[in-house]
Amino acid sequence: MTAEFWDERYSHPNHVFGYRPNDFLAAQARFLKPASRVLCLGDGEGRNGVFLASKGHDVVSLDFSRVGLTKAEALAAEKGVGIETRCVDLADWADEPAPERPWDAVVMIFVHLPAELRRRVARAATAQCASGAMLVLEAYTPAQLMLGTGGPKDPELLVTRGAVQDDWAGWRLDVRLLERRIFEGMAHQGLGSVVQALGKL
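Mapped onto full-length UniProt numbering, the consecutive letters of the sequence shown carry residue numbers 1 to 201.
Given below as C-alpha cells:
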C-alpha cells in the first residue's frame with residue numbers, strides 16, 4: 001500500500017481509526033517512565049501519539065501519509081499538546097543514522113509491512129533505543145483473514161508470534177495471541193485476531 005493510498009484514505013473528514021488510543025497501548029502506557037521519548041511508527045492520524053503526548057511524553061510520530069500527519073497535528077492542537085511529526089517512508093527511515101537522543105519506548109500499532117521491511121524497521125528501532133526501553137506492539141495475525149473485521153487482505157503483511165520474536169531479537173518479550181473485540185473508528189470493527197507484544201530492552 002502506497003502513501004497515495006493512505007493519503008486518499010485519510011482524506012475522510014473523520015479519523016478512519018477513531019480518535020481514542022489503541023486499547024492495548026492505553027493499558028500498557030502506565031509502565032512508561034515519566035517524560036519518555038517515544039517513537040510511534042506508522043502513527044497515521046496520530047491517535048496514539050497524541051494520547052502519549054497528553055500523558056507528558058516526548059513523542060515523534062512517523063508516517064508516510066502527509067494527510068494523516070496533518071490530521072495528527074490538528075488533533076494534537078485540539079488536545080493542547082505537542083508532537084513532532086515526520087513524513088517519511090519507513091524503508092528510508094530504517095537506513096537513517098540514529099538520532100542524537102535514544103528512544104525510551106517504541107510503539108507499533110497495526111503497522112503491517114512486508115516481512116523483510118518489518119524486520120529492518122525493528123532492527124533499526126532497536127539500535128536507536130536506550131537500555132531499558134519499552135516496546136508496545138499490536139498487529140493482526142493470519143487468522144484475521146477469516147474474520148474480515150479490518151487489516152490487510154494480503155497474508156504476507158500479517159504477523160505471527162514467531163515473527164515478532166524474530167524481528168525484535170534482543171528484547172525481553174511477552175508475546176500473546178488472542179481474539180478481542182476491536183472498535184477503532186470506521187476501519188476496525190468487531191472481533192479481531194491479534195498478536196500483542198510488550199517488550200523491555
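No residue lacks a Cβ here, since even glycine has one placed at the ideal position from N, Cα and C.
What you are looking at is a predicted structure, and each value in this text was computed from that prediction instead of being measured.
Open item on the list: Per the DSSP calculation, residue 117 is bridged to which residue(s)?
Closed with: None, per the DSSP bridge assignment.
Task: Buried or exposed (CB count within 10 angstroms, at least 16 for buried), residue 146 - done: Exposed, since its Cβ has fewer than 16 Cβ neighbours within 10 Å.
- [ ] For residue 126, decide whether its Cβ has a neighbour in chain B, counting only Cβ atoms nearer than 7 Å.
- [x] The structure shown has no chain B; it contains just one protein chain.
Task: Three-state secondary structure assigned by DSSP to residue 17 - done: In this structure, residue 17 counts as coil in the three-state DSSP scheme.
Open item on the list: Could you compute how far the alpha carbon of residue 103 sits from the alpha carbon of residue 54?
Closed with: Taking the straight line joining both Cα atoms gives about 18 Å.
- [ ] In angstroms with no decimal places, state the Cα-to-Cα distance between residue 179 and residue 164.
- [x] The alpha-carbon atoms of residue 179 and residue 164 are separated by roughly 17 Å.
Task: Bridge partner(s) assigned by DSSP for residue 183 - done: Paired residues: 189.
Task: For residue 91, the first and last residue of its enclosing alpha helix (DSSP H) - done: 90–93 is the extent of the alpha helix (DSSP H) around residue 91.
- [ ] Determine, using beta carbons only, whether residue 61 and residue 43 come nearer to each other than 7 Å.
- [x] Cβ distance < 7 Å, so residue 61 and residue 43 count as in contact.
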